[in-house]
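Participant:
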Amino acid sequence: MLQEHANDPAALVLSEETPKPTSKPASAFAARFGWLIAILRNPKALIGSLIVVLFVLMAAFAPVIAKHDPNKFVGRPHQPPSAKYWFGTTGQGKDVFAQTVWGARTSLMVGFGTGLLVTVIGIAMGMTAGYFGGLVDDILSLITNVVLIIPGTPLLAIMAAFLSPGKLTIILVLSVIGWAWPARVMRSQTLTLRTKDFVASSIVSGEGHFNIIFREILPNMTSMIVSGMFGSIIYAIGAETGLSFLGLTNISDVTWGSNLYWAQNNAGLLVGAWWTIVPSGICVALIAFALAMINYAMDEITNPRLRAEKELSNVFKQRSTLATPVIRSAK
Amino acid sequence: MINLDNPAVVMEVRNLSKRFPVGGVLGKQQVHALNDVSFTIKEGEVVALVGESGSGKSTTARLIARLMEPTSGQIFFKGQDILKAEPRGASLSYRNKVQMIFQDPFSSLNPVHTIGHHIARPLLLHHKVKWRKDREARINELLAKVGLNPPAEVARKFPYQLSGGQRQRIAIARALAVDPEIILADEPISMLDVSIRIGVLNLMAQLKKDYGIGYLYITHDIASARYIGDKTMVMYAGHTVEGAESSELMEHPAHPYTQLLLSAVPNPHTLQQPTRMEARGEIPSLIDMPPGCPFAARCPHVKPICREVMPSVTNLSSDHWVRCHLFGSDNSAAQPAA
Amino acid sequence: MSSSSVAPSPLRSSARPSNEPLLSVQDLCVEYRTPRGPVRAVDHVSFSIAHGEVFGLAGESGSGKSTIAHAIMRILHPPAVITGGHVNFSGADVLDMEDEELSRFRWHDVSMVFQSAMNALNPVMTIGDQICDVIQRHLKLSKSEAMDRAAHLLDLVGIERSRLKSFPHQLSGGMRQRAVIAIALSLNPPLMIMDEPTTALDVVVQKEILQQISDLKNKMGFSILFITHDMSLMVEFSDRIGIMYAGEIVETAASHEVFNNPQHPYTRGLMSSFPSLIGPKVKLTGIPGSPPDMGNPPSGCRFHPRCDKVFGVCPQQRTVLREVAPSHRAACHLYDTIGLTPRTERGTV
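As given, the protein sequences belong to chains U, C and Z, one line each in that order.
Following the numbering used here, the numbering of the first sequence begins with 23 at its first residue and continues without gaps.
Following the numbering used here, the numbering of the second sequence begins with 105 at its first residue and continues without gaps.
Following the numbering used here, the numbering of the third sequence begins with 714 at its first residue and continues without gaps.
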């Protein structure tokens, strides 16, 4: 504010040197679904989205795909994969395939549920702190920092052990720890945006605080919020799996983590029954991978410079990047 | 429309000062961003505030716009002591009358909203039009008024689709939407292309004529101050140092800093050898400034008293004042000429 | 100055033939390969710079002047590609150089002062270290020899020697820019490119620095390619000026000629965009409209949509730089009937 020349006037010159898109997209469809088209065009985003969609479908249609109750005893324990039992049986004679498919339900539900809750809390705490500053910021930041410092896993374990087990408990427990980091990110982004002239302009127009936060600042943070949410979902799925594996959740709930718990309990690896561990493990890894892919791709899609560099580097693989390439056209 | 013979004073600031705490947990040091600034803006008058970095000119605008509160001093709007009447922040009616346009056309518009939305918000907030159709008509009218055609098409666009000059015009349209009496223009053209600047300045002058709006025009470009300003004031390191009718200031600058500034401005009109400037030093730090005239360290005419006592206002003529020990004895009762 | 113990670049000729230009750009074309298709930012630009001359390249947003500066040094980032032309420096074409030659060319033969020294200086190294870094990378000198040279350079640009140990944030804006200039001078190049060197500085500091540069230029004899959008500054500081619009050069002449006797309607519009400090107050008009979208430039003469003298052939045919007065060229259809051989040919629409 004190610096009278806060903005370099020549920044205007440079920023208008590179061409801006000035025409609207050709069709209305393209305008509304441009984001979808962008996702479909980017290989990372496409693969990631497909995997996530597959898992969601798997979880939604679990009763159709694996018709029976996953906890039902179906045959001899520790049978390897066969035509009858695609993923074999567990140490207790349950169908691993059914367990994997049904496990997706809880894991995804807890994952997405936590991700959403944590994002909402993060926005509320972070943006309030960043916008109002002063004492409000000091107090909220103190709370945030304390939550950040507390070692997460032991706290999760203790809370889960003492509270009545269940899906909602897990969501709650994970959220209590997990909101701090998104809140921090939201706060710093809000701080940056708050200094922009369009916020000052809104204040001078007479806009109230609520409107400024949610109508002016928040829409500029959507990509960061979505990206943060993906990160939180990955965290939640991983944490839930970990807690289940430790036996701290309701172990009669079928989740990928509980599958691993039972596999370990029944000494699956010791007897060489790898099929009791691998499917659930791969699922967790795969969905985390897919979400991360989408995250990276979003970055590429929204940052045109990254895209441009990638495109050009494909063309000029052999050439060094120390000098601007010279390609003499026939013209 | 406005009484040109004896325009009324719309805005007056008296002894405005602003300090910021810096440094360390306890914030012991103070940045003296603004010290004892006083001036008036009349109906339909353009007051230009000229200065370099750290002069305090932007701070002045932000204080008047009540984006922050002064450390001391008073602001009078149409005779009413605003800071006393509205101690907890500006009222909607103040915001109705006092508007602001900013320097950077690229960040003064919200990238996620259309142009129409930008102009509709002030109309809605201040209940300027009731029905939606009327609102759209008014938006189009405003856009046409600032020279953006066809208005309906422009209203649908997003900021990134428009050039810097167009965006500044939109900022002006937005300020105009609420029928303000004062517009604070903080370096509105310094980030625009040279060929476009004049157009925007002319627009501002036209609106002044049509609506009797008073402007506080802040700039580091003294030539544009002369072009559009009726009255020009020079600021240095948080202090006002000289003020006069614009041409008078350019032709007979009294304060040594004003003279330095004028000799440094590139002026292709004076063809021959550009004047060699004798300058020493740079703008002083604003932290815990020592007493006395802030220009003392660089002034070629410095006297011992300059380092001890801040000069008070001396009136050289009815509308030319200066704060410098070179001129007359201290006339402590004098206020800057209106 | 302490002497270097490395053979000078083969490009730098010791006996300077005074008639040969130091730098000669011919038909330079630069494109940006954007997802929406190629955008020609620089279109068949030609100009030359003589020894010891200050050549100003003036233009507004989208004119391509900054692109040219970066193209000469070949430091443009993707998606930019140079698609044609020649950049002749003392007999060699920069566009044909390989990496090794280029790294000798850069800083030895041509150095660059960028906008905003805040971006050019490393915030975690002292000024002295940064200058030495450049010197030692190109010349085989010991650290103390390089430091001596650095101290000498600071003397030249008017910074106290004690500042060798300062970090950039401890210096004011003006001093930082001087430090950047010192680095640019460290290998005594015959040509210095300055891209908006004083834009972020106050007007008083700006004047001081330019005075200093002018003094150094007269003393050391280097040429300057001076790029800015501040026309009044350009007219004061340059010997000759090239006016750019939409990727093309539309006028070149001596600076006072350009200011007093502009021939191209764009230049005329530009020169009448300066409010004067003294004399009668006149209402100025500027130039209506805005700079064109380079992804979709106007047909024919690129300035025609904004020109007050537009007539029949303007939207149809591209312009050509012609000599309209001694040492004064303009690219405008108004002068089509002047029958001299055009110096640059551009394709038709």
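For every residue, glycine included, the Cβ atom is placed at its ideal position computed from N, Cα and C.
These numbers were taken from a predicted model, which means no experiment stands behind them.
1) Excluding sequence positions up to five away, which residues of its chain have a Cβ less than 8 angstroms from the Cβ of Ile87/U?
2) So which residues of chain U does Gln203/C contact, with C-beta pairs closer than 7 angstroms?
3) Evaluate Arg260/C with the Cβ neighbour count: other Cβ atoms within 10 Å of its Cβ, from every protein chain shown; 16 or more gives buried, anything less gives exposed.
4) Can you find a C-beta in chain U that's less than 7 angstroms from the C-beta of Leu229/C?
5) Flag this pair as touching only if the region 189-200 of chain U and the region 223-241 of chain U have three or more C-beta atom pairs under 8 angstroms; answer yes or no.
6) Could you tell me whether any Cβ in chain Z is nearer than 7 angstroms to the Cβ of Ala345/U?
7) Is it right to say Pro47/U is buried, meaning 16 or more other beta carbons lie within 10 angstroms of its own, or is it exposed?
8) Along the chain, where does the beta strand (DSSP E) containing Gln133/C start, and where does it finish?
9) Work out the CA separation of Ile844/Z and Leu854/Z for me, nearest whole Å.
10) Can at least three beta-carbon pairs, one atom from the region 884-896 of chain Z and one from the region 833-842 of chain Z, be found at a separation below 8 angstroms?
11) With a threshold of 7 angstroms on Cβ separation, who are the neighbours of Pro43/U within its own chain once the five nearest residues in sequence on each side are excluded?
12) Using 8 angstroms as the threshold, is the region 160-174 of chain C in touch with the region 198-214 of chain C, meaning 3 or more CB pairs across them?
13) Could you give the residue range of the beta strand (DSSP E) that holds Glu744/Z?
14) In chain order, what residues of the same chain lie with their CB nearer than 8 angstroms to the CB of His1046/Z, ignoring the 5 residues before and after it?
15) Taking all protein chains shown into account, decide if Asn832/Z is buried (16 or more other Cβ within 10 angstroms of its Cβ) or exposed.
16) If you draw a straight line from the alpha carbon of Asn288/U to that of Ile309/U, how long is it in whole angstroms?
17) Taking just the CA atoms, how far does Gly318/C sit from Ile145/C?
18) Taking Cβ positions, are Gln114/U and Asn281/U nearer each other than 7 angstroms?
19) Given 8 angstroms as the limit, is there contact between the region 997-1005 of chain Z and the region 301-310 of chain C, that is, 3 or more CB pairs closer than that?
20) To which residues of the same chain is Leu390/C closer than 8 angstroms at the C-beta, ignoring the five residues directly before and after it?
21) Give me, in chain order, the residues of the same chain whose beta-carbon lies closer than 7 angstroms to that of Lys122/C; leave out the 5 immediate sequence neighbours on both sides.
22) Going by other Cβ atoms of all chains shown within 10 Å of its Cβ, with 16 needed for buried, is Pro881/Z buried or exposed?
23) Quick check on Met105/C: buried or exposed, where buried means 16 or more other Cβ atoms within 10 Å of its Cβ?
24) List the residues that DSSP assigns as beta-bridge partners of Glu964/Z.
25) Check whether the Cβ of Arg375/U lies closer than 7 angstroms to any Cβ atom in chain Z.
26) Pull up the CB-CB distance for Val963/Z and Pro910/Z, whole angstroms please, since I reckon it's below 8 angstroms.
27) Measuring straight from C-alpha to C-alpha, what distance separates Val426/C and Pro902/Z?
28) Can you find a CB in chain U that lies within less than 7 angstroms of the CB of Leu787/Z?
29) Closest Cβ-Cβ distance between Gly303/C and chain Z: below 7 angstroms?
30) Return the chain-ordered ranges of every beta strand (DSSP E) run that is complete within the region 153-204 of chain C and spans a minimum of 3 residues.
31) Quick one: what does DSSP say Thr44/U is sitting in, helix, strand or coil?
32) Within 10 Å of its beta-carbon, does Asp117/U have 16 or more other beta-carbons around it, so buried, or fewer, so exposed?
33) Does the beta carbon of Lys218/U sit closer than 7 angstroms to a beta carbon anywhere in chain C?
34) For Tyr331/C, which residues in chain Z fall below 8 angstroms Cβ to Cβ?
35) Counting only beta-carbon atoms, is Gly982/Z nearer than 7 angstroms to chain C?
36) Give a yes or no on whether the minimum CB-CB distance between Ser299/C and chain Z is below 7 angstroms.
Facilitator: Taking the definition as stated:
1) Reading the first sequence from its first residue, position 65 is the one you call residue 87/U. Closer than 8 angstroms at the Cβ level, and outside the excluded window around Ile87/U, lie Met80, Val123.
2) Against the second sequence, residue 203/C aligns to sequence position 99. Going along chain U in sequence order, the residues near Gln203/C (Cβ under 7 angstroms) are Val226.
3) Translated into the one-based positions of the second sequence, residue 260/C becomes position 156. Exposed, by the Cβ-count rule.
4) Numbered from its first residue, the second sequence carries residue 229/C at position 125. Cβ-Cβ to chain U under 7 angstroms: yes for Leu229/C.
5) no
6) Here residue 345/U is taken as the residue at index 323 of the first sequence, counted from 1. Chain Z, which has a Cβ nearer than 7 angstroms to the Cβ of Ala345/U, makes this yes.
7) Here residue 47/U refers to the residue found at position 25 of the first sequence. Because the pLDDT at Pro47/U is just 43, under 50, the model does not fix this residue reliably, and the value given afterwards should be weighed accordingly. Exposed is the call here.
8) Within the second sequence, numbered from 1, the residue matching residue 133/C stands at position 29. Gln133/C -> beta strand (DSSP E) spans 133-146.
9) As a first step, residue 854/Z must be located in the third sequence, where it is residue number 141. As a first step, residue 844/Z must be located in the third sequence, where it is residue number 131. In a straight line, the C-alpha of Leu854/Z is about 13 angstroms away from that of Ile844/Z.
10) yes
11) Position 21 of the first sequence holds residue 43/U. Since pLDDT at Pro43/U reaches only 39, below the 50 mark, its modelled position is unreliable, and the value read off the structure follows with that caveat. Contacts found: none.
12) yes
13) Mapped onto the third sequence, residue 744/Z falls at position 31. Run containing Glu744/Z: 736-747, per the beta strand (DSSP E) assignment.
14) Within the third sequence, numbered from 1, the residue matching residue 1046/Z stands at position 333. Excluding residues within five positions, the ones whose Cβ falls inside 8 angstroms are Cys1014, Phe1024, Val1026, Cys1027, Gln1030, Thr1032.
15) By one-based count along the third sequence, residue 832/Z stands at place 119. It counts as exposed.
16) As a first step, residue 288/U must be located in the first sequence, where it is residue number 266. As a first step, residue 309/U must be located in the first sequence, where it is residue number 287. The straight-line gap from Cα to Cα measures roughly 26 angstroms.
17) Position 41 of the second sequence, counting from 1, holds the residue named residue 145/C. Position 214 of the second sequence, counting from 1, holds the residue named residue 318/C. Each residue's Cα considered, the two are about 7 angstroms apart.
18) In the first sequence, residue 114/U corresponds to position 92, counting from 1. In the first sequence, residue 281/U corresponds to position 259, counting from 1. No, the pair does not count as a contact, with Cβ atoms beyond the cut-off.
19) yes
20) Counted from its first residue, the second sequence places residue 390/C at position 286. So the list reads Val135, His136, Ala137, Gly158, Ala341, Gly342, once near-sequence residues are dropped.
21) Within the second sequence, the letter at position 18 stands for residue 122/C. If we look at Lys122/C and ignore the five residues flanking it on each side, its Cβ neighbours are Ala137, Leu138, Thr163, Leu167, Pro174, Thr175.
22) What you label residue 881/Z is simply residue 168 of the third sequence in a count that begins at 1. Buried: at least 16 other Cβ atoms inside 10 Å.
23) For the purposes of this step, residue 105/C is taken as the residue at position 1 of the second sequence. Low local confidence applies: a pLDDT of 47 at Met105/C is under 50, so the model's placement there is unreliable, and no value is given.
24) The residue given as residue 964/Z occupies position 251 in the third sequence. Partner(s): Ile956/Z, Ala1043/Z.
25) Not covered by the structure: residue 375/U. The range shown for chain U is 23 to 353.
26) In the third sequence, residue 963/Z corresponds to position 250, counting from 1. In the third sequence, residue 910/Z corresponds to position 197, counting from 1. About 24 angstroms; that fails the 8 angstroms criterion.
27) Counted from its first residue, the second sequence places residue 426/C at position 322. Counted from its first residue, the third sequence places residue 902/Z at position 189. Looking at the two C-alpha atoms, the distance is approximately 48 angstroms.
28) Here residue 787/Z is taken as the residue at index 74 of the third sequence, counted from 1. Here residue 787/Z is Arg; the residue named in the question, Leu, does not match the sequence. Judged by the 7 angstroms Cβ criterion, Arg787/Z is in contact with chain U.
29) Translated into positions along the second sequence, residue 303/C becomes position 199. Chain Z, which has a Cβ nearer than 7 angstroms to the Cβ of Gly303/C, makes this yes.
30) 176-181
31) Reading the first sequence from its first residue, position 22 is the one you call residue 44/U. Summary for Thr44/U: the model assigns pLDDT 40, below 50, so the residue's position carries little reliability; its value from the coordinates is reported in the next sentence. Three-state DSSP puts Thr44/U in coil, outside helix and strand.
32) Position 95 of the first sequence, counted from the start, is the residue given in the question as residue 117/U. Buried, because 16 or more other Cβ atoms sit within 10 Å of the Cβ of Asp117/U.
33) As a first step, residue 218/U must be located in the first sequence, where it is residue number 196. By this cut-off, Lys218/U is an interface position.
34) Position 227 of the second sequence, counting from 1, holds the residue named residue 331/C. Those are Pro988, Lys994, Leu997, listed as they occur along chain Z.
35) Residue numbering aside, residue 982/Z sits at position 269 when the third sequence is read from its first letter. Cβ-Cβ to chain C under 7 angstroms: yes for Gly982/Z.
36) Within the second sequence, numbered from 1, the residue matching residue 299/C stands at position 195. Yes, Ser299/C lies at the interface with chain Z (some Cβ there is under 7 angstroms from its Cβ).
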